[in-house]
Amino acid sequence: LAKLWISLGVTPSLLIGHSIGEYVAAVIAGTFKLEHALQLLATRARMMHELPGGGMLAIRKGADQLTLPPGIDLAAVNSPNLCTVSGPHDAIAAYQKELESAQIQCRLLQTSHAFHSAMMEPMIARFTEDASMVPAATPEIPWISTCTGKPVDAATLADPSYWSRQLRQTVRFSESLESALE
206 LAKLWISLGV
216 TPSLLIGHSI
226 GEYVAAVIAG
236 TFKLEHALQL
246 LATRARMMHE
256 LPGGGMLAIR
266 KGADQLTLPP
276 GIDLAAVNSP
286 NLCTVSGPHD
296 AIAAYQKELE
306 SAQIQCRLLQ
316 TSHAFHSAMM
326 EPMIARFTED
336 ASMVPAATPE
346 IPWISTCTGK
356 PVDAATLADP
366 SYWSRQLRQT
376 VRFSESLESA
386 LE
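In the working numbering, the protein residues as written are 206 to 387.
As structure tokens, then:
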């Protein structure tokens with residue numbers, strides 16, 4: 206879709222991609238060639254498929270207003286009043302019941318795994334090794350990392366562990382939008 210808009214003369218001045226969408230931003234920005242991004246995404250998917258399943262829960266509260274139980278990680282901060290948590294199915298189900306009894310709106314997401322959680326840890330070292338083999342160029346169009354909430358720079362791209370952190374750490378989408386507005 207982005208390429209279609211670009212072909213019609215609409216050129217983005219800044220890019221942001223939420224979680225896996227960051228790979229799209231990297232391709233549109235010229236950081237990755239499409240084939241390299243697809244190769245890395247296929248590796249990521251294969252490695253994730255080898256991990257135990259998990260769950261994710263969208264919550265209509267700010268992350269700073271929640272106390273997360275053990276085993277549950279903050280997966281995404283999408284706005285000051287919307288976040289997502291991630292963890293083992295049983296822990297997510299118990300937390301959902303706790304939130305619902307406190308009349309806090311939440312919704313179980315249809316996911317296969319607990320993305321952006323400690324459940325991703327077993328694949329980090331192998332994924333970093335694979336990411337180190339994928340060439341990354343300086344962006345032609347600036348893009349903001351949803352892992353850091355800051356613009357991507359040469360130092361970030363030179364570190365292959367960035368892509369492992371990006372799949373494990375909290376998606377800081379709200380912070381990324383604030384950076385874009387600056």
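Virtual Cβ for every residue (Gly too), placed ideally from N, Cα, C.
- Comparing alpha carbon positions, the residue from 317, 353 and 304 closest to residue 256 is 317.
- Shown here, residue 327 sits in a helix according to DSSP, grouped into three states.
- Taking the Cα positions, residue 305 is about 28 Å away from residue 372.
- Residue pairing by DSSP places residue 263 opposite 289 and 312 in a beta bridge.
- With respect to residue 264, residue 243 sits apart: the two C-beta atoms are not nearer than 9 Å.
- For the alpha helix (DSSP H) assignment, the uninterrupted runs of no fewer than 4 residues enclosed by the region 330–376 are, from N- to C-terminal side, 359–363 and 366–373.
- Judged by their CB atoms, residue 365 and residue 357 are not nearer to each other than the 9 Å cut-off.
- In this structure, the straight-line span from the alpha carbon of residue 238 to that of residue 353 is close to 22 Å.
- Sequence-distant Cβ neighbours of residue 279 in its own chain, meaning closer than 7 Å and more than five residues away, are 268, 273, 288, 290 and 375.
- Leaving aside the five residues that flank residue 380 on each side, the residues in its chain whose CB is nearer than 6 Å to its CB run, in chain order, 354.
- Around residue 367, the same chain offers 361 as residues with beta carbons nearer than 6 Å, after the five sequence neighbours per side are excluded.
- With respect to residue 262, residue 225 sits apart: the two C-beta atoms are not nearer than 9 Å.
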